[in-house]
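*Asks:* Residue numbers (UniProt numbering): 1 to 139.
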């Protein structure tokens, strides 16, 4: 079921456009989660959908997929970077409810290119949904 929040960004005009996460077409990739309410089946799928949500400034999706104990009260995209690409380096499934995803996300701020290299931690809650807990940044 799609989320009724009309304040979230719209999907690409052409649903066949490439998904920002580097996967398939948006409609066949993260669009299933952001637009149609499907549940990401793995921590990696959730991480990719969260990257796409950051690209699209989709705060409701990001907050909903964040573990309650570490979730911020709100997100501010006023000074948000321009996200350029995502590369997943590793996905480690520790057990049925805990996983880590290491990734590099490229972005620009003020015309300068940067990289965010993080190992994110995820947990699956009792409702079967994966949620982001936190992450460690690499230098």
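Glycine included, C-beta positions come from ideal geometry on N, C-alpha and C.
In whole angstroms, what is the alpha-carbon distance linking residue 16 and residue 67?
*Replies:* Using only the alpha carbons, I get a separation of about 31 Å.
*Asks:* Can you tell me whether DSSP reads residue 24 as helix, strand or coil?
*Replies:* Three-state result, residue 24: coil.
*Asks:* Which one or two residues does DSSP pair with residue 120 in a beta bridge?
*Replies:* For residue 120, which the question treats as bridged, DSSP gives the partners 101 and 135.
*Asks:* Is there contact here, the segment 90-104 with the segment 26-41, by at least three beta-carbon pairs under 8 Å?
*Replies:* no
*Asks:* Alpha carbon to alpha carbon, how far is residue 63 from residue 139? Give it in angstroms, no decimals.
*Replies:* Roughly 26 Å between the two C-alpha positions.
*Asks:* Looking at C-alpha atoms only, which residue of 134, 83 and 29 is the closest neighbour of residue 119?
*Replies:* 134
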